[in-house]
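Trainee:
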Ligand SMILES: [Zn+2]
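In our numbering, the protein residues as written are 23 to 228.
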C-alpha cells in the first residue's frame, strides 16, 4: 500500500495491529475519522490511553475493575461461596447478561495451551487455588469453552483443588463442543448454569 502521507501511513499501521483489522479496513477507519470532527479522534485516543493506564484488576477475582474490588466481589448480596471459573471478562459479561447467576467469579485470563506456550503459571490458577484453600468456597463451577484447552484447564484445576473438599460442577451445554461461551445465547447460557452437572460425571462422558 503506497501512502501520500507518512502520518496517514503511521495511523493505518497502528490501527492494523488490532485483531481482525487488515490494512484496508484500517485505512477506511482512519479516513472515516478524518471526516469527523477532531474531538472524536481525541476522545477515542484519550479513552484508549486512559483504559490502558488506569485499569485495575479485581484483587479477588481478576475481573477488570475501576477499583480494588470489582462491583461483583464488593456486592454483599452475591453468594461468595459459589465461584464460577471463566476465561475472560467477556464470559463474565455473557453470564451476567443471563441474570441467572448470583455468585462470584474467577477470571483465569486464558486457558492452558502448551502449543501456545501458556502454562498454569501464566494464568490466575495459583490465585484460584489460594482462594479455595483460604476461604469457604462451597462450589466451583467450570464455565470454560469445551475445547481441548478448556478441558485441560478444567482438569488441571480439578486436580489442584481435589484435597480441599470443594464441590466442582460444569455448566451443562446446550451448545456444540468448541462453541465459545460468549457466543451462546442468553437463555441457553442461563439454563446451562442452572442445570449444571457434577464435574466428575462430565469426565465419564468423555
Ligand atoms: Zn472481583
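From the three backbone atoms N, C-alpha and C, an ideal C-beta is built for every residue, glycine too. Only a predicted model underlies this, so the values are computations on that prediction, with no experimental measurement involved.
So residue 188 and residue 219 are in contact, right, with Cβ under 8 Å, and what is the actual spacing, rounded?
Mentor: Not quite, the Cβ-Cβ distance comes to about 16 Å (not below 8 Å), so this is no contact.
Trainee: Tell me whether the beta-carbon of residue 83 lies closer than 7 Å to the beta-carbon of residue 129.
Mentor: Inclusion of residue 83 and residue 129 in the CB contact set at 7 Å is warranted, their separation being smaller than that value.
Trainee: Report all residues from its chain with a CB closer than 7 Å to the CB of residue 208; omit the five preceding and five following residues, and keep chain order.
Mentor: 119, 120
Trainee: Under a Cβ-count criterion, where at least 16 other Cβ atoms within 10 Å of its own Cβ denotes burial, should residue 101 be classed as buried or exposed?
Mentor: exposed
Trainee: Rounded to whole angstroms, what's the CA-CA distance from residue 126 to residue 74? Just pull it up for me.
Mentor: About 25 Å.
Trainee: Rounded C-beta distance between residue 174 and residue 134? I'm assuming under 8 Å.
Mentor: 5 Å
Trainee: Terminal residues of the continuous alpha helix (DSSP H) containing residue 53?
Mentor: 45-57
Trainee: From residue 214 to residue 72, what distance separates their C-alpha atoms?
Mentor: Straight-line Cα distance between these residues: approximately 36 Å.
Trainee: Nearest by alpha-carbon distance to residue 16: which of 169, 171, 162, 170 is it?
Mentor: With the chain running from 23 to 228 in the structure shown, residue 16 is simply not present.
Trainee: Which residues end up in the neighbourhood of ligand 1 when you take C-beta atoms closer than 5 Å to any of its heavy atoms?
Mentor: Spelled out in chain order, the answer is 80, 82, 83, 85, 92, 95.
Trainee: Below 7 Å between beta carbons: does that hold for residue 111 and residue 86?
Mentor: yes
Trainee: Taking Cβ positions, are residue 23 and residue 57 nearer each other than 7 Å?
Mentor: no
Trainee: Within a Cβ cutoff of 7 Å, which residues of the same chain sit near residue 115, ignoring the five residues on either side of it in sequence?
Mentor: none
Trainee: Can you tell me which of the three DSSP states residue 125 falls into?
Mentor: If DSSP states are grouped into helix, strand and coil, residue 125 belongs with the strands.
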